[in-house]
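Structure, as structure tokens:
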Amino acid sequence: MTGGHGLARLLLLGVLFHAVYVFSIFDIYFTSPVVPHIESVTYTTSPPAKRIVIFVADGCRADKFFETNASTTDRRVSFLRTIMKTKGSWGVSHTRVPTESRPGHVALFAGMYEDVSAVTKGWADNPVDFDSVFNQSRRSFLFGSPDIVPMFACQVSQAVEEHYSHAEEDFAKSDASELDSWVFRHFHQLLETATIGSKLYHQLQDKQVVIFCHYLGIDSNGHAHRPNSNHYLNNIALVDELVEKTYRMVEEFYEYDERTAYVFTADHGMGLKGAHGDGDPANTRTPLVVWGAGVQGPIEVNGTGKFDIDLPTQSRTQVWAQLQAQKEQEKAAMKGWRDLGNLVRKDVMQADVAPLISALLGQPYPRNSVGVLPFSYLAKGAYRANAVRSNAQQLYLHALRKEQEKQSRTLLRFVPYGPFRDHVPKLLQQLADAYGASTQNEEDSGAHEQVEVLSQELIEICLATLEYFQRYDWFFLLGVVVLGYVGWMIVVGVVYLHPRDFSVKWLLGVNGKQVDMKLVVVIFAAFVYLVLEGSPATYYLYVLFPLVFGVFTWNHTDLIIQAWNYGAKDSTPKSSWKRWAEMALILLCLELVVFGYERREIFGVLFSLLAIRCWTISCLLISVFPYLPSEYGEHTMLVHVGGLLTLVFTGMVLTMAHPDECKTWMNAFALNASPLMLSLMTLYGTMQYLDGDRSKPPFSLTLANWLLSGVPIVLLLIRVQRSTNGLSRALETGSSRHDQHLHLKAHVTRCVRRLIEVMLAFAPSFILLSIAYEVLFYVVLGSVLRAFVFLLLVKIAFFGTGNVASMSSFEISSTYRFVTVFAPFTMVSAKAQKPRLPAARYFLLVVAMSDVLALHFLFLVKNEGSWKEIGNSISMFGIVNAQIVFIPLLFLLARAFVHDVASDSHVLNQNKKHQ
0 MTGGHGLARL LLLGVLFHAV YVFSIFDIYF TSPVVPHIES VTYTTSPPAK
50 RIVIFVADGC RADKFFETNA STTDRRVSFL RTIMKTKGSW GVSHTRVPTE
100 SRPGHVALFA GMYEDVSAVT KGWADNPVDF DSVFNQSRRS FLFGSPDIVP
150 MFACQVSQAV EEHYSHAEED FAKSDASELD SWVFRHFHQL LETATIGSKL
200 YHQLQDKQVV IFCHYLGIDS NGHAHRPNSN HYLNNIALVD ELVEKTYRMV
250 EEFYEYDERT AYVFTADHGM GLKGAHGDGD PANTRTPLVV WGAGVQGPIE
300 VNGTGKFDID LPTQSRTQVW AQLQAQKEQE KAAMKGWRDL GNLVRKDVMQ
350 ADVAPLISAL LGQPYPRNSV GVLPFSYLAK GAYRANAVRS NAQQLYLHAL
400 RKEQEKQSRT LLRFVPYGPF RDHVPKLLQQ LADAYGASTQ NEEDSGAHEQ
450 VEVLSQELIE ICLATLEYFQ RYDWFFLLGV VVLGYVGWMI VVGVVYLHPR
500 DFSVKWLLGV NGKQVDMKLV VVIFAAFVYL VLEGSPATYY LYVLFPLVFG
550 VFTWNHTDLI IQAWNYGAKD STPKSSWKRW AEMALILLCL ELVVFGYERR
600 EIFGVLFSLL AIRCWTISCL LISVFPYLPS EYGEHTMLVH VGGLLTLVFT
650 GMVLTMAHPD ECKTWMNAFA LNASPLMLSL MTLYGTMQYL DGDRSKPPFS
700 LTLANWLLSG VPIVLLLIRV QRSTNGLSRA LETGSSRHDQ HLHLKAHVTR
750 CVRRLIEVML AFAPSFILLS IAYEVLFYVV LGSVLRAFVF LLLVKIAFFG
800 TGNVASMSSF EISSTYRFVT VFAPFTMVSA KAQKPRLPAA RYFLLVVAMS
850 DVLALHFLFL VKNEGSWKEI GNSISMFGIV NAQIVFIPLL FLLARAFVHD
900 VASDSHVLNQ NKKHQ
């Protein structure tokens with residue numbers, strides 16, 4: 000292998016390379032759609048509504064909202080159910096991945112789908128930096144969560160907001176619905192304060208007023224108690240009551256002037272495990288109910304055994320794609336939602352809600368909106384036709400600005416989008432003529448319909464144009480990233496084939512003593528090109544790596560050819576066939592790992608195959624876990640069983656001790672097993688609180704859980720650092736073969752003891768972060784010291800008991816034993832401590848194999864198809880790249896626990912060579 004310094008520098012380079020390239024998919028597939036300097040379209044001075052009240056029930060699932068109670072004929076949402084049947088329109092609003100609060104609210108109020116990487120912005124006080132319905136309003140009043148309300152209000156001068164504190168979002172409160180009552184009380188106080196003649200009164204009487212009530216209680220109860228719990232369902236019923244009270248309070252305040260519109264919806268749903276984020280239908284299907292000024296009333300139809308879904312807009316393709324992937328949910332809805340099958344249902348994409356809000360108020364559409372106005376929610380007539388036309392005009396200006404921006408930054412040949420260049424000018428003229436004809440006779444429904452049809456044709460081309468320019472740089476970026484990965488694999492291959500000669504300085508020149516001028520020239524030329532094109536800063540890094548690796552490959556082609564020729568010079572046809580077969584087998588195994596990301600059962604098959612050669616019992620036991628369901632509830636008894644089996648397993652190793660060492664081993668076992676026993680006791684005590692009335696555990700229990708997770712590991716590190724290395728000195732001075740035999744036996748015993756100490760040190764934290772059978776997995780997981788098997792163990796350690804679809808599948812409830820307030824980064828960090836691994840020395844091969852996986856997953860990333868597929872593809876690429884970055888770090892971390900034992904092994908090997 001390379002020297003210590005050379006190896007460390009290569010590792011740093013590899014970590015830097017993969018840390019940069021892991022973000023490449025966001026520049027390729029998920030760049031921000033925000034385009035500056037788009038003109039606004041003003042289209043009316045007489046809208047149907049002067050104000051709109053928007054209710055967002057955070058985390059409310061569509062099925063739990065629309066279904067009736069199973070035991071009675073009562074409706075869970077009796078008021079809103081009555082509204083749907085007598086006053087308004089309703090449907091399912093389909094969200095996009097990631098189903099988190101920030102992207103959901105951005106879609107609802109800005110009409111756009113923020114880039115996926117922006118989901119973490121929802122976990123900080125980070126305002127939206129683009130147009131929304133609040134920016135376009137004259138006055139806005141916002142009430143609710145500190146994570147949502149300030150995000151839209153802090154940079155809007157005409158907005159007034161009130162929010163509660165983060166401490167009040169405690170998951171472990173007996174009932175988080177108090178958060179929703181807080182919103183109603185403060186809105187009620189606002190209206191009471193608005194006395195006639197006051198400044199606030201005049202602000203509330205203004206046009207284009209937006210009132211936003213954010214109800215977080217449903218989401219909090221879903222996380223803490225799961226969506227099938229009474230807490231979650233009762234919270235939905237409470238929100239229905241609060242909406243009714245708010246409705247009556249607003250109508251009374253405005254003296255029933257019939258100029259108020261109302262929208263009820265949700266930002267995302269909630270999975271069975273109390274989590275959201277992925278594309279599961281439980282997360283993407285949310286309710287939408289609209290009523291009031293300017294809204295089309297209910298339309299009754301004869302029940303035909305399926306819903307009559309009205310989809311007249313260009314969103315129909317996306318909605319139907321969602322519904323085709325949700326056949327089971329639709330079948331259950333037809334049965335569980337009962338009499339709603341007699342009403343026309345109007346499904347929308349979530350971003351379509353923003354233009355609906357704007358159209359009801361008659362204010363300009365958000366500039367970067369890609370939402371399509373669901374005009375079937377509006378009352379038929381001239382105003383609706385004008386609103387649809389204006390929606391098409393806004394999208395045209397959006398697409399035109401996108402084209403102009405891309406053209407101004409393209410140094411070489413610019414390729415416009417054909418239909419936008421060829422058909423849109425004619426379509427704009429036809430639309431202008433049709434609208435002119437409709438204004439001459441406002442009672443002509445046919446003329447209005449013609450305007451709506453032409454507008455949808457224009458919208459279709461404009462949306463396709465936006466998508467075309469969003470992908471304009473794909474080919475260039477994909478080519479650069481692929482060359483970067485291939486170049487890095489060549490560097491790793493050269494290091495592996497020429498370990499003694501390689502130096503990181505080789506990347507700069509042939510002999511490593513001076514910089515290669517070819518490298519300087521190509522980097523300078525590439526950077527000049529990127530500057531002229533106005534490329535983002537990340538593009539420079541993406542281009543830099545393949546250029547450096549490419550020049551390195553060019554300069555060391557002779558070493559690569561020499562290594563290939565050396566492997567083939569004395570080969571017979573049979574041996575050559577064998578070599579190619581081995582390479583094919585490696586690739587096949589890596590492909591199976593790729594399939595394992597989608598089907599966990601593949602990992603079970605691979606471990607079953609491994610059992611043919613070695614560790615039969617251990618591998619067969621491991622192979623069971625991928626077949627177990629990833630969706631499981633809390634079974635604390637299994638955690639206790641796993642903890643006790645860990646004690647039994649480690650205790651059995653005591654039988655290996657020599658009688659003279661038995662007392663020492665027993666003392667060490669008692670010292671290391673005590674934290675494990677205490678963790679089982681604190682787990683039981685903590686769950687008595689969490690499983691009972693969901694009250695917050697005492698601080699002493701929470702502190703004990705934190706200490707038991709970390710202190711045993713720290714104490715083990717201290718013992719390792721304080722070891723006297725007496726055995727190493729004895730090995731160095733021992734000369735006889737008999738002494739060497741005794742030292743070897745003692746060294747083996749010490750290695751076994753250290754492995755047991757490491758296992759017991761990490762066991763408490765694993766127990767406290769488990770909810771079911773994961774600890775049984777910890778007991779049977781073996782240690783493998785070969786590259787592919789180690790890579791496979793990385794995957795099985797991370798996904799053996801979870802779902803690879805998304806990080807949200809890892810059970811969040813286990814973190815309540817450490818923190819009960821919503822703190823996502825703390826929770827994710829805690830969960831990431833579970834898949835710890837022992838050290839190994841084949842990291843170069845592991846990294847090279849992981850690069851093959853990363854290159855494969857790069858082309859599997861999707862931004863089309865079902866949202867579940869999109870979410871899964873992002874997770875797969877991110878996970879494999881994260882492991883590429885952290886595997887070498889795990890090797891270095893493991894050295895802290897075994898470096899003294901490894902030193903003894905090195906001395907033994909040296910003595911063996913001298914004999």
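Residue numbering for the sequence shown follows numbering that gives the first Met the number 0, beginning at 0 and increasing consecutively.
We put the beta carbon where it would ideally sit given N, CA and C, even for glycine.
Owing to the predicted nature of the structure, the values given are computational and were not obtained by experimental measurement.
Please classify residue i: does DSSP put it in a helix, a strand, or coil?
i       : result
Leu-15  : helix
Arg-74  : strand
Ala-61  : helix
Glu-731 : Reliability of the predicted coordinates at Glu-731 is poor, the pLDDT of 48 falling under 50, and no value is obtained from them.
Lys-139 : Here residue 139 turns out to be Ser, not Lys, going by the sequence shown. Three-state DSSP puts Ser-139 in a strand.
Leu-10  : helix
Ser-764 : helix
His-162 : strand
Ile-147 : coil
Thr-464 : helix
Ile-377 : In the sequence under discussion, the amino acid at residue 377 is Leu, which differs from the Ile named in the question. Three-state result, Leu-377: strand.
Thr-316 : helix
Ser-444 : helix
Ala-822 : At Ala-822, the pLDDT of 47 sits below 50, so the modelled position is not reliable; the number obtained from the coordinates is stated separately. It is coil, neither helix nor strand.
Val-208 : strand
Val-845 : helix
Ser-454 : helix
Ser-176 : coil
Leu-531 : helix
Trp-553 : helix
Cys-153 : coil
From the DSSP output, read off the bridge partner residues of residue i.
i       : result
Met-348 : His-93
Gly-431 : A quick correction: the sequence has Ala, not Gly, at residue 431. None; Ala-431 has no bridge partner.
Tyr-214 : Ala-56
Thr-264 : Val-55, Leu-287
Ile-308 : Arg-344
Glu-299 : Leu-342
Thr-67  : Arg-74
Thr-259 : Arg-50
Val-294 : Leu-377
Ser-88  : Val-289
Throw me the rounded Cβ distance for the residue i and residue j pair, which I believe falls under 8 Å.
i       : j       : result
Lys-345 : Tyr-376 : 6 Å
Ser-444 : Pro-297 : Actually they do not touch by this definition, with Cβ atoms about 20 Å apart.
Leu-465 : Lys-401 : 6 Å
Ile-235 : Phe-64  : 6 Å
Pro-102 : Gly-870 : About 12 Å separates the two Cβ atoms, so there is no contact after all.
Leu-178 : Glu-167 : 6 Å
With a Cβ-Cβ cutoff of 8 Å, do residue i and residue j count as a contact?
i       : j       : result
Arg-258 : Ala-292 : yes
Asp-472 : Asp-218 : no
Val-493 : Leu-558 : yes
Ala-350 : Met-111 : yes
Leu-518 : Val-547 : yes
Leu-215 : Ser-144 : yes
Asn-390 : Pro-354 : yes
Val-208 : Lys-49  : yes
Phe-140 : Val-159 : yes
Tyr-541 : Val-450 : no
Got a sec: does the ligand NAD put a non-hydrogen atom nearer than 7 Å to the Cβ of residue i?
i       : result
Asn-233 : The ligand content of the structure shown is nil, which means the ligand NAD is not present either.
message: Closer than 8 Å is the cut-off here; do at least three beta carbon pairs connect the region 187–198 with the region 18–29?
response: no
message: Three or more C-beta pairs under 8 Å: does that hold for the region 335–344 against the region 234–252?
response: no
- prompt: With contact counted as at least three CB pairs below 8 Å, one residue from each stretch, are the region 302–318 and the region 270–279 in contact?
  reply: no
- request: May I ask you to verify whether the region 279–288 touches the region 260–271, counting CB pairs closer than 8 Å and requiring at least 3?
  value: yes
- prompt: Do the region 36–51 and the region 219–228 make contact, defined as three or more Cβ pairs closer than 8 Å?
  reply: no
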